[in-house]
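First comes the structure, then the notes that go with it.
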Amino acid sequence: MSTAAEVIRSQINPMVLMSLGASELVSSEANEGRPALAFWARILPFNAKGKRMSRPAKMRVYIELTPADLYAITVVHSKAGEYGVHFEMEGVGAEDLNRVLLSLDSDGDRE
Numbered sequence: 881m882s883t884a885a886e887v888i889r890s891q892i893n894p895m896v897l898m899s900l901g902a903s904e905l906v907s908s909e910a911n912e913g914r915p916a917l918a919f920w921a922r923i924l925p926f927n928a929k930g931k932r933m934s935r936p937a938k939m940r941v942y943i944e945l946t947p948a949d950l951y952a953i954t955v956v957h958s959k960a961g962e963y964g965v966h967f968e969m970e971g972v973g974a975e976d977l978n979r980v981l982l983s984l985d986s987d988g989d990r991e
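Note that the sequence shown covers residues 881 to 991 in my numbering.
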């Protein structure tokens, strides 16, 4: 894992990763080669009516370090071979990183 990915990982509480069922944490590159941490998570998806489903889906989480020294978080899911964005948020400070990650799997406040 790269140094940047290790720093990102160190700012995430292990209990948050456990609650997401995080696995296969790897160093990655995002837009324009910016450093990122990527991992698989088990997240409750939304159904067509906007309600949470009862079974979690395996989704890919990308946490990218932006030039502003903030994080951009993108969660991607695959359904029937098609990829879609489940969640995106930019401008996340280190102090809010854990709260935002926990909100991925709940209906709590995301702003």
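Even glycine gets a Cβ: it sits at the ideal position worked out from N, Cα and C.
It should be emphasised that the depicted structure is a prediction, and the values quoted were computed from it without experimental measurement.
Around the C-beta of residue i, are 16 or more other C-beta atoms found within 10 angstroms, so that it is buried, or is it exposed?
i: Val941; result: buried
i: Glu975; result: exposed
i: Glu944; result: buried
i: Ala921; result: buried
To the nearest angstrom, how far is the alpha carbon of residue i from that of residue j?
i: Arg914; j: His957; result: 21 Å
i: Pro936; j: Met898; result: 14 Å
i: Ser907; j: Val955; result: 16 Å
i: Glu904; j: Ile953; result: 17 Å
i: Pro947; j: Gly973; result: 12 Å
i: Ala884; j: Glu968; result: 20 Å
i: Gly930; j: Ala918; result: 26 Å
i: Val896; j: Ser890; result: 12 Å
i: Asn927; j: Ile888; result: 31 Å
i: Leu924; j: Glu886; result: 27 Å
i: Glu912; j: Glu970; result: 15 Å
i: Arg979; j: Tyr963; result: 25 Å
i: Met933; j: Pro894; result: 25 Å
Mind checking who residue i pairs with in its DSSP beta bridge?
i: Gly964; result: His957
i: Ile888; result: The partner list for Ile888 (beta bridge, DSSP) is empty, contrary to what the question assumes.
i: Val896; result: Its beta-bridge partners do not exist; DSSP assigns none.
i: Met939; result: Ala921
Are residue i and residue j close, meaning C-beta to C-beta below 8 Å?
i: Leu900; j: Leu950; result: no
i: Ala916; j: Ala910; result: yes
i: Leu977; j: Ile892; result: yes
I'd like to know whether the C-beta of residue i is nearer than 8 Å to at least one C-beta of chain D.
i: Ala910; result: Looking at the structure shown, chain D is missing, and only one protein chain is on hand.
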